[in-house]
Amino acid sequence: MDQKEESLNCKIFNFLRKDGCCLICCLRYLKGHGKELLDVKSSLEKRGIVVPEDGQNVVHPCPCCLNLFSEHCLYETLCRIRKKDDFCKFFCEKFVLSFCLPVGLDIRQLITWMKLIGEFGDVISKDERMDTTPKDALRSILIPQICECLKAEYDREGVMITLTYRCEIDADESAALAKIKPECFQQKKENKKIKTELNRTAVEKYLVPSRLRQDEWEGILKIPQACEDSFVAVEITYTGPTVFVAGRYQKFSRELSQTPWILQGERMVMNSVQEIIEGSLVGYFTDRPMKESKICFSASGREDVDVRCLGRGRPFVLEITNSYISDISPVAGRAIEENIAKSGHVAVTHLQVVDRAEVVRIKEGEESKKKMYRALCLLESPATVEIMEKLNISEEFTVQQFTPIRVLHRRALMTRPRIIYSVKARLSKDHNCLLVIDIQTQAGTYVKELVHGEFGRTQPSLATIIGQKIDILSLDVTDIDLDWPKPVNYMH
């Protein structure tokens, strides 16, 4: 660091201290960050600043952080976290920090920034703030200490500890600022009353020194300084990690939707695959009732209510927020699978927790992966050798499918090309007009319409290929060409 830079640092430090700023805020405005904030005195000395022993603490609230970085506030925060009671209910040894700071604190940073510009002129940028943000500074200071007191690792997939800081000065500052910069406020309905409050996004957009007129500049600098009642208070909340539970499900019922099917407030079917799985699974991860738990169900496609899903089953994943547990053992997974099987309608295999990054696999190749179906079909007249030859197709071909009438309420009206990889037909033992047809298709193919053609909306169809009417009586999904999630070894 050269002498000129060191001299400027000393002048900025002395100016901020004269204004009543705490040492951490002084270091923040000298671009102190990361581990530097854990030893403020040494970090200041590296910048050529010697702090006298009697000048390390300020008695009055810091006008910049409202004593957010005071020993008292940091100590109180750590003491409350150290109790561990709320953290220990989560079977997770990781945490991540989240902060909610009062908008009034942004106004304080602005005022300090403007004072520095007024004192040092063009040396200080009017567009890019020069300080380490309060959130970044808090994160640097608190994370190592929380790791120590909780004996936990900092990880973004851990329990979220949210620190919400409040201060009484917000109301006074808002009233003064509303006269100067009304566009920074928005109306919000709260308890049937209209409340006007500062909008953080607008503050960050409009309250930049370079965008302020002279009268606005002067008005903001006249906003009252922090008073004794301005000390920041903290509230702490804990939110469990978001867990992604994957597996494959088989569906044995022809009266079961994949997800709850409700039209105009009325249930169309009494149960769903999702609800049966959740009923046995959610209680393992949280003690909250299922209706109060935020759960998102996703699967690799879906079958109709009257279509079974057999074979290896359909890959699915449940996203469970605020979970108490972040993993599941093969033994526990097996027990949950056995409980789900008692329904008689659904079975689940390879139940496991997967990483967030793995979840995208379920949607990979949405239009390109292959699916296998088995259809029981009825001919108008007994099957002939010619018909059987026409319905055994080993070479792939493409069909054009106009959106089926039955899905027009949820699918765009368009023609979709779909590849049919193979068709294999055999005569049923029950009747000479009944055929069992195995079809391998591109994902997204409407198989029912592929069979009967739906008045020519699918071309070609099996009906046009054999030259006579053919109806589909029942349909099963027999395989989905997606090797996910990985198989679970139940022996361990």
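Residue numbers (full-length UniProt numbering): 1 to 492.
Note that beta-carbon positions come from the ideal geometry of N, C-alpha and C, so glycine has one too.
If we ignore side chains and look at the alpha-carbon of each, how far apart do residue i and residue j end up?
i: R418; j: V360; result: 23 Å
i: L37; j: C167; result: 23 Å
i: E303; j: E449; result: 14 Å
i: I325; j: S343; result: 25 Å
i: S130; j: P209; result: The sequence shown places Met at residue 130, not Ser. Each residue's alpha carbon lies about 12 Å from the other.
i: Q186; j: V203; result: 11 Å
i: V317; j: Y249; result: 10 Å
i: C88; j: L27; result: 35 Å
i: K205; j: N191; result: 29 Å
i: P18; j: V234; result: Note on identity: in this sequence residue 18 is Lys, with Pro being the wrong assignment. Roughly 28 Å separates the two Cα atoms.
i: G158; j: F297; result: 21 Å
i: V81; j: Y238; result: Checking the displayed sequence, the identity of residue 81 turns out to be Ile instead of Val. In a straight line, the C-alpha of I81 is about 10 Å away from that of Y238.
i: V245; j: Q352; result: 6 Å
i: F91; j: H72; result: 30 Å
i: N271; j: P260; result: 7 Å
i: A299; j: E45; result: 58 Å
i: L150; j: T415; result: 58 Å
i: L413; j: G456; result: 15 Å
i: N14; j: K41; result: 14 Å
i: P63; j: F69; result: 11 Å
i: N339; j: S280; result: 6 Å
i: D476; j: R426; result: 16 Å
i: K126; j: L177; result: 20 Å
i: C21; j: K83; result: 31 Å
i: V399; j: V331; result: 46 Å
i: E128; j: I117; result: 12 Å
i: F285; j: T162; result: 21 Å
Decide if residue i is buried, meaning its Cβ has at least 16 other Cβ atoms within 10 Å, or exposed.
i: K371; result: buried
i: S43; result: buried
i: V269; result: exposed
i: residue 502; result: Nothing in the structure corresponds to residue 502, since the chain is present only between 1 and 492.
i: A463; result: buried
i: Q109; result: buried
i: I405; result: exposed
i: E173; result: buried
i: Q459; result: exposed
i: C377; result: buried
i: A347; result: buried
i: Y29; result: buried
i: C79; result: exposed
i: N322; result: buried
i: G333; result: buried
i: I466; result: buried
i: E337; result: buried
Tell me the DSSP bridge mates of residue i?
i: G344; result: BP columns for G344 are empty, so no partner.
i: E204; result: Bridge partners of E204: none, in fact.
i: D471; result: L378
i: L434; result: L378
i: K424; result: D438
i: F397; result: I420
i: T415; result: F402
i: Y373; result: I439, V477
i: V354; result: F244
i: T349; result: R248
i: S298; result: V317
i: Q459; result: Q400
Out of the options, which one is the CA nearest neighbour of residue i?
i: Q3; options: D476, G48, Q440; result: G48
i: S368; options: T445, E5, G240; result: T445
i: L101; options: S70, D39, R200, K89; result: R200
i: G247; options: N392, Y238, L198, E319; result: E319
i: R139; options: L116, S98, V331, D155; result: S98
i: E148; options: E190, V50, E93, E128; result: E93
i: V385; options: E338, C433, S422; result: C433
i: I439; options: A375, I472, H431, V407; result: A375
i: L105; options: V245, F91, G219, L198; result: L198
i: K363; options: K251, A335, C184, W484; result: W484
i: I393; options: Y421, T164, D155; result: Y421
i: H487; options: F15, G313, L391, V50; result: The question names His, yet the displayed sequence has Pro at residue 487. Cα-wise, what sits closest to P487 is G313.
i: C65; options: I124, I117, P330, T132; result: T132
i: V436; options: G453, E266, D215, T478; result: T478
i: R410; options: K11, L30, S253, L263; result: L263
i: Y165; options: I223, D306, E76, I24; result: E76
i: S293; options: V307, E278, K11; result: E278
i: L212; options: Y154, M114, I143, R156; result: M114
i: T242; options: D355, F120, G301; result: D355
i: L23; options: D215, E53, E6, S381; result: E53
When every heavy atom of the ligand HEM is checked, does at least one fall within less than 7 Å of the C-beta of residue i?
i: P63; result: In the structure on display, the ligand HEM does not appear, and there are no ligands present to speak of.
* Every unbroken beta strand (DSSP E) within the stretch 110 to 197, with a cutoff of 3 residues, ordered by chain -> Here the runs fully enclosed are 159 to 166, 185 to 190.
* At which residue ranges does the stretch 41 to 111 contain complete beta strand (DSSP E) runs of 3 or more residues, listed in the order of the chain? -> 94 to 100
* Asked: What are the complete alpha helix (DSSP H) segments, minimum 4 residues, inside the stretch 227 to 277?
  -> none
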